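Input: a single structure, listed below in structure tokens.
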Amino acid sequence: MQKKNFDVTGMSCSACSARVEKAVSSIPGVDNVNVNLLKNSMTVEFDDAKTNVGEIVKAVTDAGYGASERSEDKGGSVQTADPALEAKKASEEMKFRLWVSLIFAGILMILAMGPMLGMPLPEILSGTKNAPINALTQFLLTLPVIFVNFKYFRNGFKSLWHRAPNMDSLVAIGSAASVLFGLFALYMMLWALAQGNEKQLAHYAHNLYFDSAAMILALITLGKYFESRAKHKTTDAISKLMALVPENALVERDGKQEVVPLEQIAVGDLVLLKTGSRVPVDGVVEDGSGTVDESSLTGESVPVEKTVGSQMSASTLLTSGYIKMKATRVGGDTALAQIIKLVDEATSTKPPVARLADKISGIFVPTVISIAIAASLVWLMLGYSWEFALMIGVSVLVISCPCALGLATPTAIMVGSGRGAQNGILFRSAEAIETTEKVNVIVLDKTGTVTSGKPALTDVVSFSLPPKELLSLVASVENKSEHPLAAAVVDGAKSLEVPLREASNFTQNLGNVSAQVIGKNVKIGNKSVVVGELPEQVRELADQLADQGKTPLYVLLDGKLSGLIAAADPVRADSKDAVQAMLKQDKEVWMLTGDNIKTAQAVAAQVGIKNIRAEVKPAEKEALVRELQEAGKKVMMVGDGINDAPSLARADVGAAIGAGTDVAIEAADIVIMKSRLSDVVNAGALSHSCMNNIRENLFWAFIYNIIGIPVAAGVFYTVFGWVLNPMIAAAAMSMSSVSVVSNALRLRRWRPVLSGAMDNENQRMEPKLMNLAIEKTAAETPKYEYKIYISGMMCQHCVKAVTGMITGLPGVIDCKVDLEKGTADVQSSAPIDEAKLKSLIEEDGYKLESIECISTPGQTKGFNYLLGIEGMMCCHCVKSVTKKLSGLDGVVHCEVSLENKSAQVESSKPITESEFQQAIEEEGYELTEAREA
1 MQKKNFDVTG MSCSACSARV EKAVSSIPGV DNVNVNLLKN SMTVEFDDAK TNVGEIVKAV
61 TDAGYGASER SEDKGGSVQT ADPALEAKKA SEEMKFRLWV SLIFAGILMI LAMGPMLGMP
121 LPEILSGTKN APINALTQFL LTLPVIFVNF KYFRNGFKSL WHRAPNMDSL VAIGSAASVL
181 FGLFALYMML WALAQGNEKQ LAHYAHNLYF DSAAMILALI TLGKYFESRA KHKTTDAISK
241 LMALVPENAL VERDGKQEVV PLEQIAVGDL VLLKTGSRVP VDGVVEDGSG TVDESSLTGE
301 SVPVEKTVGS QMSASTLLTS GYIKMKATRV GGDTALAQII KLVDEATSTK PPVARLADKI
361 SGIFVPTVIS IAIAASLVWL MLGYSWEFAL MIGVSVLVIS CPCALGLATP TAIMVGSGRG
421 AQNGILFRSA EAIETTEKVN VIVLDKTGTV TSGKPALTDV VSFSLPPKEL LSLVASVENK
481 SEHPLAAAVV DGAKSLEVPL REASNFTQNL GNVSAQVIGK NVKIGNKSVV VGELPEQVRE
541 LADQLADQGK TPLYVLLDGK LSGLIAAADP VRADSKDAVQ AMLKQDKEVW MLTGDNIKTA
601 QAVAAQVGIK NIRAEVKPAE KEALVRELQE AGKKVMMVGD GINDAPSLAR ADVGAAIGAG
661 TDVAIEAADI VIMKSRLSDV VNAGALSHSC MNNIRENLFW AFIYNIIGIP VAAGVFYTVF
721 GWVLNPMIAA AAMSMSSVSV VSNALRLRRW RPVLSGAMDN ENQRMEPKLM NLAIEKTAAE
781 TPKYEYKIYI SGMMCQHCVK AVTGMITGLP GVIDCKVDLE KGTADVQSSA PIDEAKLKSL
841 IEEDGYKLES IECISTPGQT KGFNYLLGIE GMMCCHCVKS VTKKLSGLDG VVHCEVSLEN
901 KSAQVESSKP ITESEFQQAI EEEGYELTEA REA
């Protein structure tokens with residue numbers, strides 16, 4: 001299935017657009033057609049296996065119009081298709097036609113109506129005998145008006161030939177009938193003059209219709225001129241956006257600076273921006289800094305600071321500073337180009353409310369022609385003159401206005417979509433505008449929608465060290481992690497100017513991270529890192545933080561519970577006001593989140609949401625939306641992430657927060673560029689204003705024709721004497737179109753109903769620092785110590801892998817792996833599952849030789865000794881000494897170091913120096929020192 005855009009020529013009213021739509025829809029393989037009269041464009045979705053562009057163009061041509069495929073922009077400039085340019089050209093052309101028409105029609109009116117108003121005429125044109133000369137002069141003055149407006153006749157009769165009459169057909173028939181009757185009257189005047197019949201001469205002299213024909217054309221052109229000027233204003237919003245992109249840019253290539261046209265900028269080019277420069281393409285700051293006015297895209301006037309790594313968008317203005325930017329998206333890929341594309345797509349579609357007008361437009365003109373003929377015949381049969389019957393017929397033809405019907409919807413959609421784009425609200429279709437007004441349930445995703453989506457450090461609670469010192473240790477470890485909460489901790493430390501230290505032996509496992517910092521083993525994670533009973537004060541504090549919507553993390557230093565830190569995703573600055581506004585509009589508001597229920601309840605309480613679903617998966621979000629729809633409700637889903645895409649697509653209206661993922665934005669019907677919830681409320685308000693405007697336009701278009709046609713047909717003539725001169729009918733017809741377009745232009749004055757505060761990225765939540773004294777508990781000290789013997793380790797990479805596996809076991813507090821000895825010394829607050837450990841190690845290609853439990857709960861280690869030993873030369877010596885010392889009564893652990901010429905001995909009972917000396921000398925070595933460690 002392909003989707004193509006076409007430019008269509010020759011359309012003048014909704015009957016034309018209906019004819020084109022019908023012709024293309026009849027092609028096998030065409031799935032959907034949308035013809036936009038205002039933009040003279042057509043969008044077609046078709047199966048390219050069944051039809052092609054050529055057949056579509058042929059169908060339009062056979063219907064009596066012109067069509068060509070709209071060329072795609074290959075160069076990259078978003079300025080290639082400015083709708084205001086075409087509207088301006090049409091306006092200038094119409095202006096010329098209007099001036100010619102008014103000048104000649106004005107002189108003609110003086111000749112025709114002057115004597116009745118007491119205005120003197122030249123003698124050659126005065127009097128009954130000179131009436132034929134006056135009539136001939138009127139005819140000659142009519143010809144220039146017909147010539148400059150011949151387009152009405154050409155298009156009108158061409159449409160009649162194709163059996164698809166349109167507005168031009170009505171004007172052409174009415175004007176041509178008046179001219180032909182005038183010529184008939186001229187000949188009858190000449191015949192009466194030849195016969196000397198002054199009575200008949202005077203009769204036809206007062207029934208010339210040249211002035212009516214010329215004035216009909218002049219007034220129709222006057223209306224078209226006003227209409228073209230109004231159309232030009234409907235495209236103002238997008239035209240202003242297009243005009244913001246510079247035609248050239250300063251680029252640095254191979255160390256040289258050069259000015260190049262916009263379309264020659266490629267991805268990867270370095271663009272140089274000075275104060276006052278407009279950004280030509282999207283990019284990222286490579287060097288320099290400054291402040292940027294992004295109001296062209298977001299509507300927010302507060303300048304945004306940009307530094308190295310910041311994103312830049314085309315059309316924004318560098319208000320201060322100097323920036324070297326690397327182009328990342330150019331041409332049709334820029335954010336601005338996408339905005340223009342979305343608005344173009346929205347204005348190329350039709351809301352369901354426009355379908356009735358389209359159906360009526362398809363049969364409107366043939367019906368009017370039938371009414372005009374029938375009315376003329378009825379008055380003739382009632383005994384009225386040919387002149388009166390002709391006047392009735394012409395009046396019916398020229399007062400009828402299919403244009404007003406055709407313009408009622410697209411003008412409002414175009415102005416409304418453009419106004420939305422200026423305020424950071426992008427509707428992707430006209431149907432979305434209509435459906436948004438009907439929404440009565442709004443479902444909000446929590447993270448990134450109600451909240452900012454960027455966690456911040458909120459609390460640092462230390463049980464021993466000063467809070468900033470504890471934070472320094474924690475942030476030093478988290479600085480090596482990619483987790484969002486880690487970034488929050490590091491940013492919080494930086495905001496308090498807390499120094500970050502070097503961390504080594506970093507490991508990251510499910511639910512925790514650990515590393516060595518200035519000789520301390522630092523471990524941070526969720527509750528699983530502390531096995532056993534938590535002190536009551538700590539448990540209460542953790543519950544309190546969770547109740548506030550914060551995520552508590554536990555900090556262990558050398559296996560000892562030493563503090564708590566907490567982070568939270570702050571609620572957006574405008575979320576509460578937005579939710580309250582929704583509730584005041586009697587909207588049912590829901591909040592969905594994959595987060596835990598306590599966090600969800602805390603956030604919901606802050607903004608005033610009562611309906612909550614927590615710990616839900618993407619499929620469950622979509623299921624809730626479907627459940628609400630099955631209950632007969634119109635649902636809007638607001639989200640920002642990939643996991644929101646199914647529910648966004650399922651909802652009657654999906655709204656994507658602009659800072660969200662491309663997947664979410666692609667699935668949405670509305671894109672909120674400013675990433676603030678208040679614009680969801682504003683989108684609803686704009687939708688309501690647009691639909692009210694459309695209803696007003698359609699009401700006026702229908703009521704005008706319902707009243708105007710009967711009056712023109714003389715229905716009230718016999719009762720009230722009401723009858724319309726064709727010139728008055730033409731003026732009324734012209735003004736009806738102008739009034740519809742002018743009414744749509746009122747939407748340009750629309751203002752957001754809720755001005756929500758923007759979240760300031762540079763403004764960080766100030767973390768709370770505090771100390772808390774807690775009682776000692778068994779959970780705070782190691783309960784088990786193991787020595788694990790592992791073979792197969794070859795390098796430090798192996799050491800890191802084994803350390804990570806062991807550290808990830810439940811309860812493990814500390815793990816030190818010795819590559820040379822092939823051992824791991826482990827401290828744990830729970831027994832190690834030997835089978836699980838063996839499985840993990842052997843899965844990675846290593847071998848668990850043995851596991852030795854050195855101490856267990858309830859077992860007292862007793863006495864530690866440090867021995868100095870001389871005479872050891874190799875690993876064989878180490879094994880010999882280790883074996884001898886381990887055999888001493890009470891020894892539970894012995895570790896011998898060849899490099900340090902020492903031994904560390906742990907024993908459950910005292911051992912004398914002489915006992916150590918005897919054991920060492922029996923192996924042939926010398927004891928140089930023996931002391932208690």
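Under the UniProt record's numbering, the residue at position 445 of the sequence shown is numbered 445, and the numbers go up by one with no gaps. A virtual CB, placed ideally from N, CA and C, is assigned to each residue, including glycine. In this text the structure is predicted, and so the values were computed from the model without any measurement.
Contact check for Gly549 and Ala602: beta-carbon distance about 3 Å, within the 8 Å limit, so the pair qualifies.
For Phe427, the uninterrupted beta strand (DSSP E) run begins and ends at Ile425 to Phe427, by DSSP. The C-beta distance from Met636 to Thr436 rounds to 7 Å, short enough to meet the 8 Å contact threshold.
By alpha-carbon distance to Met735, the top candidate from Lys527, Val719 and Trp700 is Trp700.
Here Met381 carries a helix assignment [DSSP, helix/strand/coil]. Taking C-alpha positions only, Val60 is separated from Asn40 by approximately 13 Å. Pairing Ala135 with Leu186 gives a Cβ-Cβ distance under 7 Å.
For the segment 313-340, the full-length beta strand (DSSP E) segments reaching 3 residues or more read 317-329 along the chain.
Under the three-state reduction of DSSP, Cys894 is assigned to strand. Following the DSSP letters along the chain, one finds Leu888 in no beta strand (DSSP E), marked with neither H nor E. Here Ser839 is exposed, its C-beta having fewer than 16 other C-beta atoms within 10 Å.
Residue environment analysis places Gly511 among the exposed positions, since fewer than 16 neighbouring C-beta atoms fall within 10 angstroms of its C-beta. Residue state for Val439 is assigned as coil, using DSSP reduced to three classes.
With a contact defined as Cβ atoms closer than 8 Å, Ala713 and Val396 qualify at about 5 Å. In this chain, the beta strand (DSSP E) harbouring Gln516 covers Asn512 to Val517.
For Arg626, the enclosing alpha helix (DSSP H) covers residues Pro618 to Glu630. Annotation: Lys587 to Ile369 spans about 49 Å, alpha carbon to alpha carbon. With distances taken between CA atoms, Val53 lies nearest to Met1 out of Lys89, Met1 and Ala90. Under DSSP, the beta-bridge partners assigned to Cys815 are Val826.
Taking C-beta separations shorter than 8 Å and ignoring five residues to either side along the sequence, the partners of Ile709 in its chain run Val368, Ile371, Val396, Ile399 and Ser400, following chain order. In the structure shown, the three-state DSSP call for Leu648 is helix.
DSSP places Gln195 within a helical segment (H, G or I) once states are collapsed to three. Here the segment 830-839 makes contact with the segment 798-811; the two share three or more CB pairs at distances below 8 Å.
Taking a 10 Å sphere around the C-beta of Glu630, we find fewer than 16 other C-beta atoms and assign the residue as exposed. Ala581 counts as buried, since at least 16 other C-beta atoms from the protein chains shown sit within 10 angstroms of its C-beta. Collapsing the DSSP output to three states places Trp590 in a strand. Within the same chain, Cβ atoms closer than 7 Å to the Cβ of Gln311 are found at Val284, the five residues on either side in sequence being excluded. The secondary-structure analysis by DSSP pairs Lys520 across a beta bridge with Val517. Here Thr823 is buried, its C-beta having at least 16 other C-beta atoms within 10 Å.
Under the three-pair Cβ rule at 8 Å, the segment 874-881 does not count as touching the segment 844-858.
In this structure Phe46 is in contact with Val30, their Cβ atoms being roughly 5 Å apart against a cut-off of 8 Å. Around Met189, the same chain offers Ala131, Pro132, Ala135, Leu201, Tyr204 and Ala205 as residues with beta carbons nearer than 7 Å, after the five sequence neighbours per side are excluded. Pairing Val292 with Pro28, the inter-Cα distance amounts to about 52 Å.
A residue is called buried when at least 16 other Cβ atoms come within 10 angstroms of its Cβ; Val259 does not meet this threshold and is exposed.
The C-beta of Pro120 has fewer than 16 other C-beta atoms within 10 Å across all chains shown, which makes the residue exposed. Taking one beta carbon from each stretch, the segment 532-542 and the segment 584-599 have fewer than 3 pairs nearer than 8 Å; the two do not touch.
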